[in-house]
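Chains as they are written, first to last, in our numbering: chain A, 1 to 359; chain B, 360 to 718. Here's the structure we're looking at; comments come further down.
There are 2 protein chains.
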Amino acid sequence: MQISDRKKKILQAVVEEYIETAEPVGSKTIQHKAGLDCSPATIRNELADLCSSGYLEQPHTSAGRVPTAKGYRLYVNELMRQQKLSVEETEAINASLSAKAEELDQLISDAGHMASLVTNYPAVSITSQTPATIKRFDLIYIDPNTFIIVLLLTNDTVKNKLVHLPFSFEESMMTRLSAVFNASFTGITEDKISPVLISSSERAVGDTMGLCSVIAGFAIEILSTAKSGGALVTGEANLLKLPEFKDPEKAHRLMNYLSDTSNLSILPSLTQDGDVKVLIGPENVAEELKDSSVVLASYNAGDNMKGLIGVVGPTRMDYSSVAAKLSYIAASLSKLLGGGGSPPPGFGKLMIKGDDNDG
Amino acid sequence: MQISDRKKKILQAVVEEYIETAEPVGSKTIQHKAGLDCSPATIRNELADLCSSGYLEQPHTSAGRVPTAKGYRLYVNELMRQQKLSVEETEAINASLSAKAEELDQLISDAGHMASLVTNYPAVSITSQTPATIKRFDLIYIDPNTFIIVLLLTNDTVKNKLVHLPFSFEESMMTRLSAVFNASFTGITEDKISPVLISSSERAVGDTMGLCSVIAGFAIEILSTAKSGGALVTGEANLLKLPEFKDPEKAHRLMNYLSDTSNLSILPSLTQDGDVKVLIGPENVAEELKDSSVVLASYNAGDNMKGLIGVVGPTRMDYSSVAAKLSYIAASLSKLLGGGGSPPPGFGKLMIKGDDNDG
DNA sequence: GTTTAGCACTCAGGAAGATAGAGTGCTAAA
DNA sequence: TTTAGCACTCTATCTTCCTGAGTGCTAAAC
């Protein structure tokens, strides 16, 4: 079905006005907003058409019009103006993101914060790693009861653990353990680490104290947790400012859904690198999101790692502005994380991909 | 001022009934609840007294009574029955906490989740570390362009970073760097790491490529971030179920306050190890918490590290149950983290204090 | 002196009705 | 095809009324 230009203009006016005011839009308002030189009566005729073709709807007879999901979709696909960020906005984002560029976890969480801050919607920040294996084992002997395990993974992240044992061992044991683990435990997936493999290693190094078990246990733990990425939600409080969530019941349902991060794990499958994806109302699979919209932007977080930032809000969302902002943040992240740009200059920041943690 | 036993009984009945129903409590209800063998009229006389001495108040003439902060305080200090957790509750907490005992960050965040889950209030989880210094440097040479920095801190946490440089260096350089850093950079605080110290190290090892700067930069970063602990808020959505937050405006104010974790950094100063602390309404310093209550429990997270879990809710909070639950969780954490108990048995879990991170 | 029954009084909250106003759809003329 | 005119619809708001829970006070009973 074809839609006349005038209808599109009208639809656009309805969407933009509704986004701003959250009130059904009447014919007179549209006339002003769209700057059309025809009377409200004419616009009413067009509105009736747009209603019957499903782009708009009326909360009740004799109310103004409200966009449907189909209406928003058309708007997003064809009518939405590409929005430019203001200099202040880009500068704020840049400053906030690059300040902490040394710490990846921090950076990703900051990106979520930032997304929520600039859009005024709850934001999600998700990372998903493709399965990694261990590239290298190092064992650092500290004292007769203590050593540190350092694992270098194929995705260039480093994991460590301090192990303190109630019995003592010799430094030479570390060297032997290193050799065996580097020989037998590198390049394999979690399920390949079997009790058989562990006991054969124990025999190989003469370990009667369970050192191999400790190290292997840590390896299993790392491999199993590394494959599931983390998700983070910030700024839920923003929902409560919106008129569509003045019913606490409704707000509660959505916030509850968002607070269970396992619900969010499907999102990464929906985006393609570099793209901004918009899911409007019923386009969402989850029942809890059927009358909300989600805007997602993915970024490249370096080797084998994909990141996603997104915001959740009512279908009446300022798609244009939100998309622009997320897109910018995602691009900045890709750049900062070396996924396609030059790293930021500065002291101690040269292509560094390590990590920090608290034990 | 002395309060008769009967008045105390009545106050207790009012508090407990109000906690349950969130409705002002009338004299008849109290008669039943407290099982007093006197008439409602008598109780009304007592209520009037309790009102004038400030333990109760009336939303309006001819409504029932509601406890004031002073009333809650008396209740918490003297009248509250020590509540025992059910076996299911303790088991649920134990299971959830020990399952992930290997990862400290995870454990702390789980504890927050758990606190929110069992109490149905938003929970905060805060850790504050007392300043640590670096105990030991290790540098692991990976290839001519790559090495890993491993720092062991005095509080027995381990930090690491993979550094990939655009120029190559020899393995022997690592050994020299290790020696210098272990000699000059251990045991000192962040502000002692001066450009002068760095350049003298560069001269000592013959570093013309800025390797010393990279390592020193990482050390500074670690020392400066390690001293500020992390805070985490979970379960904010729970607020919306409560009748006192049916006004979204009110809920928004509190959630906004909580979402800024820097607001929470004063909390640790309020508790003593092992104690459960209750702050009722206006006893809170922050304006935003003046009509909410906070219950805090601290735990010992091992060397030089103090942890705090707490929940935030309306003054009408089930103090007894919340205090019992938090206390139990805090005790479990202290135990798990080796701050005064035996570590849990099991594969790979022997007094381990390391950490894992994603870079 | 304390307790209690009786009673008039108060006040929040909900139901019912009245009103206003925004916006519509339709018809008939331009 | 557009537009002016007009009757109509429906929500939101305001007012009024009513109900019932709960009080405070008084005077009698214990």
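Think of the CB as a built atom: it goes at the ideal place given N, C-alpha and C, for glycine as much as any other residue.
Practice prompt. Buried or exposed for B/Asp550, please, with buried defined as at least 16 other CB atoms from any protein chain shown within 10 angstroms of its CB.
Written response: Locating residue 550 of chain B in the second sequence gives position 191, where the first residue counts as 1. Burial call: exposed.
Worksheet item: What whole-angstrom Cβ distance do A/Phe245 and A/Ala219 have, given they're in contact under 8 Å?
Response: The residue labelled residue 245 of chain A in the question sits at position 245 within the first sequence. The residue labelled residue 219 of chain A in the question sits at position 219 within the first sequence. Contact flag wrong, Cβ pair sits at about 46 Å.
Practice prompt. For B/Glu375, count neighbouring Cβ atoms within 10 angstroms of its own Cβ and tell me buried if that reaches 16, exposed if not.
Written response: Mapped onto the second sequence, residue 375 of chain B falls at position 16. Buried: at least 16 other Cβ atoms inside 10 Å.
Worksheet entry | Which listed residue (A/Ser293, A/Asp273, A/Ile3, A/Asn300) has its alpha carbon closest to that of A/Ile19 | Against the first sequence, residue 19 of chain A aligns to sequence position 19. Measuring from the Cα of A/Ile19, the nearest candidate turns out to be A/Ser293.
Discussion item. Using 8 Å as the cut-off, can you tell me whether the region 311–327 of chain A makes contact with the region 66–84 of chain A, which would need three or more C-beta pairs spanning the two stretches below that distance?
Written reply: yes
Practice prompt. Could you check if A/Ser52 is buried or exposed, using at least 16 other CB atoms within 10 Å of its CB as the buried criterion?
Written response: Within the first sequence, residue 52 of chain A is the residue found at index 52, counting from 1. Flag for A/Ser52 reads exposed.
Worksheet item: If B/His611 and A/Lys241 are in contact, beta carbons under 8 Å, what's the gap, nearest whole angstrom?
Response: Your numbering for residue 611 of chain B matches position 252 in the second sequence. Your numbering for residue 241 of chain A matches position 241 in the first sequence. About 6 Å; that satisfies the 8 Å criterion.
Worksheet entry | B/Val564 to B/Ser558 span [Cα, whole Å] | For this step, residue 564 of chain B is matched to residue 205 along the second sequence. For this step, residue 558 of chain B is matched to residue 199 along the second sequence. Straight-line Cα distance between these residues: approximately 10 Å.
Discussion item. Rounded to whole angstroms, what is the Cα-Cα separation between B/Gly413 and B/Asp606?
Written reply: Counting from 1 along the second sequence, the entry for residue 413 of chain B is found at position 54. Counting from 1 along the second sequence, the entry for residue 606 of chain B is found at position 247. Computed Cα separation, rounded: 27 Å.
Worksheet item: When you compare only the Cα positions, how much space is there between A/Asp143 and A/Val311?
Response: The residue given as residue 143 of chain A occupies position 143 in the first sequence. The residue given as residue 311 of chain A occupies position 311 in the first sequence. The straight-line gap from Cα to Cα measures roughly 49 Å.
Worksheet item: Which same chain residues, not among the five before or five after B/Ile362, have their C-beta less than 6 Å away from its C-beta?
Response: As a position in the second sequence, residue 362 of chain B is number 3, starting the count at 1. There are no such residues.
Discussion item. Starting from A/Thr234, trace the beta strand (DSSP E) in both directions and tell me its first and last residue.
Written reply: By one-based count along the first sequence, residue 234 of chain A stands at place 234. Start and end: 231–234.
Worksheet item: If we call anything under 8 Å between Cβ atoms a contact, is B/Ser537 one with B/Leu498?
Response: As a position in the second sequence, residue 537 of chain B is number 178, starting the count at 1. As a position in the second sequence, residue 498 of chain B is number 139, starting the count at 1. Taking C-beta atoms as the reference points, B/Ser537 and B/Leu498 count as a pair closer than 8 Å.
Practice prompt. Using a Cβ-Cβ cut-off of 8 Å, state whether B/Asp515 counts as contacting chain A.
Written response: The residue labelled residue 515 of chain B in the question sits at position 156 within the second sequence. It does: the Cβ of B/Asp515 has a partner Cβ on chain A nearer than 8 Å.
Discussion item. Quick check: the Cα distance between A/Leu74 and B/Pro490, rounded to an integer number of angstroms?
Written reply: To locate residue 74 of chain A, count along the first sequence from 1; it is residue 74. To locate residue 490 of chain B, count along the second sequence from 1; it is residue 131. C-alpha separation (whole angstroms): 57 Å.
Discussion item. Give me the subset of the region 609–633 of chain B whose CB atoms are less than 7 Å from a CB atom of chain A, sorted by chain position.
Written reply: So the list reads Ala610, His611, Met614, Asn615, Ser618, given in the order they occur along the chain.
Worksheet item: If we count the other Cβ atoms within 10 Å of its Cβ and call it buried at 16 or more, is A/Asn155 buried or exposed?
Response: Working through the first sequence from its first residue, we reach residue 155 of chain A at position 155. Taking all protein chains in view, the Cβ of A/Asn155 is crowded by 16 or more other Cβ atoms within 10 Å, so the residue is classified as buried.
Worksheet item: What residues from chain A crowd round B/Ile499, counting only those whose CB sits closer than 7 Å?
Response: Reading the second sequence from its first residue, position 140 is the one you call residue 499 of chain B. Simply Asp138, Val150.
Practice prompt. Inspect the beta-carbon positions of B/Ala656 and B/Val635 and report whether they are closer than 8 Å.
Written response: Against the second sequence, residue 656 of chain B aligns to sequence position 297. Against the second sequence, residue 635 of chain B aligns to sequence position 276. Going by C-beta atoms, B/Ala656 is nearer than 8 Å to B/Val635.
Practice prompt. Please confirm whether any heavy atom of the ligand GTP lies closer than 7 Å to the CB of B/Ser468.
Written response: The ligand GTP is not part of the structure shown, which contains no ligands of any sort.
Item to complete: Name, please, each residue of chain B whose Cβ falls closer than 8 Å to the Cβ of A/Phe245.
Response: Here residue 245 of chain A corresponds to residue number 245 of the first sequence, with the count starting at 1. The answer, in chain order, is Pro607.
Item to complete: For B/Phe526, name the three-state secondary structure that DSSP assigns.
Response: Sequence index remark: in the second sequence, residue 526 of chain B carries index 167 (1-based). B/Phe526 falls in the coil class under three-state DSSP.
Worksheet item: In the region 177–197 of chain A, which residues sit with their C-beta less than 9 Å from some C-beta in chain B, listed in chain order?
Response: none
Worksheet item: Quick one: is B/Asn504 buried, meaning 16 or more other Cβ sit within 10 Å of its Cβ, or exposed?
Response: Position 145 of the second sequence holds residue 504 of chain B. Exposed is the call here.
Worksheet entry | A/Leu165 to A/Gly217 span [Cα, whole Å] | One-based indexing of the first sequence puts residue 165 of chain A at position 165. One-based indexing of the first sequence puts residue 217 of chain A at position 217. In a straight line, the C-alpha of A/Leu165 is about 14 Å away from that of A/Gly217.
Worksheet entry | Closer than 8 Å to chain A by CB, B/Ala482 | In the second sequence, residue 482 of chain B corresponds to position 123, counting from 1. Not one chain A Cβ lies under 8 Å of B/Ala482.
Fill in: Rounded separation between B/Ile343 and A/Val163 - CA only
Summary: the structure shown does not reach residue 343 of chain B, with chain B confined to residues 360 through 718, and so no result is reported for it.
Worksheet entry | Backbone CA spacing between A/Lys306 and A/Glu221 [nearest angstrom] | Position 306 of the first sequence holds residue 306 of chain A. Position 221 of the first sequence holds residue 221 of chain A. A/Lys306 and A/Glu221: Cα-Cα distance of roughly 21 Å.
Item to complete: Would you tell me roughly how many angstroms separate the C-alpha atoms of A/Leu336 and B/Ile574, rounded to the nearest one?
Response: In the first sequence, residue 336 of chain A corresponds to position 336, counting from 1. In the second sequence, residue 574 of chain B corresponds to position 215, counting from 1. Those two C-alpha atoms are separated by around 20 Å.
Worksheet item: Going straight from the alpha carbon of A/Met114 to that of B/Glu405, what length do you get?
Response: Here the question's residue 114 of chain A lines up with position 114 in the first sequence. Here the question's residue 405 of chain B lines up with position 46 in the second sequence. For A/Met114 and B/Glu405, the distance between alpha carbons rounds to 55 Å.
Practice prompt. Please list the partners that B/Leu570 has in chain A, where partner means a Cβ-to-Cβ separation under 8 Å.
Written response: Counting from 1 along the second sequence, the entry for residue 570 of chain B is found at position 211. The premise fails here: B/Leu570 is roughly 11 Å from chain A at the closest Cβ pair, so nothing lies under 8 Å.
Practice prompt. Leaving out five residues on either side along the sequence, give the residues of the same chain with a beta carbon under 7 Å from the beta carbon of B/Asp528.
Written response: Looking up residue 528 of chain B in the second sequence gives position 169. Before going on, a small fix: residue 528 of chain B reads as Phe here, not Asp. So the qualifying residues of the chain are Pro503, Met568, Leu570.
Worksheet item: Interface residues of chain B around A/Lys241 at Cβ under 7 Å?
Response: Position 241 of the first sequence, counted from the start, is the residue given in the question as residue 241 of chain A. Neighbours of A/Lys241 on chain B, chain order: His611.
Discussion item. Let me see if you follow: with CB-CB separation under 8 Å, is A/Ala34 close to chain B or not?
Written reply: Numbered from 1 along the first sequence, position 34 holds the residue referred to as residue 34 of chain A. Taking Cβ atoms only, chain B never reaches closer than 8 Å to A/Ala34, which makes this a no.
Worksheet entry | Within chain B, the residues that A/Gly373 reaches when beta carbons sit closer than 9 Å | There is simply no residue 373 of chain A to check, as chain A begins at 1 and stops at 359 in what is shown.
Discussion item. Just to confirm the assignment: which complete alpha helix (DSSP H) runs, minimum length 4, are found wholly within the region 577–643 of chain B?
Written reply: Within the region 577–643 of chain B, the complete alpha helix (DSSP H) runs of at least 4 residues are 607–618.
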